[in-house]
Amino acid sequence: MTRPTPEPADPAPPGQSPATPGRRSAPDFDGPHLLSVDVEEYFQVEAAARAGVSPRHWADYPNRLGPAVDRVLAALADHGASATFFILGWVARHEPEVVRRIADAGHEIASHGMEHRMLQHLGPDPFRQDLADARRLLEDLAGRPVLGYRAPTFSITHATAWAIDVLAEAGYRYDSSVFPVRHDRYGVPDAPTVPHRAVGPGGGEILEIPPLTLRLAGVNWPMAGGGYLRLFPRRLPARALRQAARRGAPGMIYLHPWELDPDQPELPLARLARFRHRVGLAGTEVKLRWLLARFRFTSVRERLEDLREQAQDVYTYGQGAGSAT
Ligand SMILES: [Zn+2]
-1 MTRPTPEPAD PAPPGQSPAT PGRRSAPDFD GPHLLSVDVE EYFQVEAAAR
49 AGVSPRHWAD YPNRLGPAVD RVLAALADHG ASATFFILGW VARHEPEVVR
99 RIADAGHEIA SHGMEHRMLQ HLGPDPFRQD LADARRLLED LAGRPVLGYR
149 APTFSITHAT AWAIDVLAEA GYRYDSSVFP VRHDRYGVPD APTVPHRAVG
199 PGGGEILEIP PLTLRLAGVN WPMAGGGYLR LFPRRLPARA LRQAARRGAP
249 GMIYLHPWEL DPDQPELPLA RLARFRHRVG LAGTEVKLRW LLARFRFTSV
299 RERLEDLREQ AQDVYTYGQG AGSAT
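Under my numbering, residues -1 to 323 are what the sequence shown spells out, in order.
1. Taking only heavy atoms of ligand 1 into account, decide whether any of them is closer than 6 Å to the Cβ of P150.
2. Just to confirm, are Y172 and L139 a CB contact at a threshold of 7 Å?
3. Do you know how far the Cα of A79 is from the Cα of R22?
4. Kindly list the residues whose CB is nearer than 7 Å to the CB of V70, restricted to its own chain and excluding five residues on each side of it in sequence; keep chain order.
5. Would the beta-carbon of D259 be found less than 6 Å away from any heavy atom of ligand 3?
6. Check whether the segment 147 to 158 touches the segment 294 to 313, taking contact to mean three or more Cβ pairs, one atom from each stretch, closer than 8 Å.
7. Only counting the same chain, and skipping five residues up and downstream in sequence, which positions put a Cβ closer than 8 Å to that of E307?
8. Report the rounded CA-to-CA distance for V144 versus W160, giving the unit in angstroms.
9. Quick one: what's S109 bridged to in DSSP?
10. Should L234 and M250 be called a contact, given that it needs their Cβ atoms to be closer than 7 Å?
11. In angstroms, rounded to a whole number, what distance separates the CA positions of G146 and I207?
12. In angstroms, rounded to a whole number, what distance separates the CA positions of V164 and G202?
13. Does DSSP classify V217 as helix, strand or coil?
14. Runs of 4 residues minimum, wholly inside the segment 116 to 140: which ones carry the alpha helix (DSSP H) assignment?
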């Protein structure tokens, strides 16, 4: 295993080697950051669902997940990093060998629900069932308990805060579904940007690990992954990781295997959706490897006890604009 290089004081301009590390005073947090992979096929994204690609059409599209997951696993192995893989129950059912390869490589297997339906389309009882179905399939393949959950399309918001109660009641140890940003489809802009204790409207509590944002000009800018990570110059997520460290917390990065598969078939997407889905696909693997070379990353499972201990902020979801205590 390669030892990861320590992060530089300042990221180098693209194409140049990093600056000499260690000239800035030590950050408050020097542990590894968190890396997550949302494991779904390219045709299961929310943009495809909105364009009419529903589960009954999924068989019409070729599966391409296996080779893309292998590229992610190779990048992690090259840098001695581990990650949390939030996997769809559908993938566990239809492509179980992919889940086994991830588990065999020592990474954490967590849940991304069954069929990538946003929580506002499920409601509490179907969500309870969805969670249980996915968990059974994933635990059978992983051979160990599933501890964490990420909602499809970060769909835990004030409107779906009941999901926090359901997750707590089902015994999940953590959640990573609340994006503390303003967005047209998701987000809780005033939620804490560091790991915190999330409380649902029914009083259920769970450790919430929000995806990485950069605080700039009074606004939380999404930096954690997906189209943002592909679109923005890499110095911005690097800056957001250092900002999180100064706040004493790890940053949570996410990516999808399909983002490392620029040759995937075209989906019938509208213009903006197509841009969001395809921008920067050819550069994702380079960017991932760049981050892996400069920062240390691990899975939530490896850090869970520390994270629980350090999460002091309590934030209650589901109360209009929400309330921090
Ligand atoms: Zn997803």
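The beta-carbon is built from N, C-alpha and C at its ideal position, and this holds for glycine as well.
Considering the structure as presented:
1. Indeed, a heavy atom of ligand 1 lies less than 6 Å from the Cβ.
2. At the C-beta level, Y172 and L139 stay beyond 7 Å of one another.
3. With a pLDDT of 45 at R22, under the threshold of 50, the modelled position of this residue cannot be trusted, and the question is left open.
4. The beta carbon of V70 sits closer than 7 Å to the beta carbons of V35, P255, L258 from its chain, once the five residues preceding and following it are set aside; these are given in chain order.
5. Of the ligands this structure carries, namely ligand 1, none is ligand 3.
6. The segment 147 to 158, when compared against the segment 294 to 313, does not touch it at the 8 Å Cβ threshold.
7. In its own chain, leaving out the 5 sequence neighbours on each side, no residue places its CB closer than 8 Å to the CB of E307.
8. Each residue's Cα considered, the two are about 20 Å apart.
9. Paired residues: I85, Y147.
10. Using a Cβ distance threshold of 7 Å, L234 and M250 do not count as a contacting pair.
11. The alpha-carbon atoms of G146 and I207 are separated by roughly 10 Å.
12. About 8 Å.
13. V217: strand per DSSP, three-state reduction.
14. Listed in chain order, the complete alpha helix (DSSP H) runs (minimum 4 residues) inside the segment 116 to 140 are 122 to 140.
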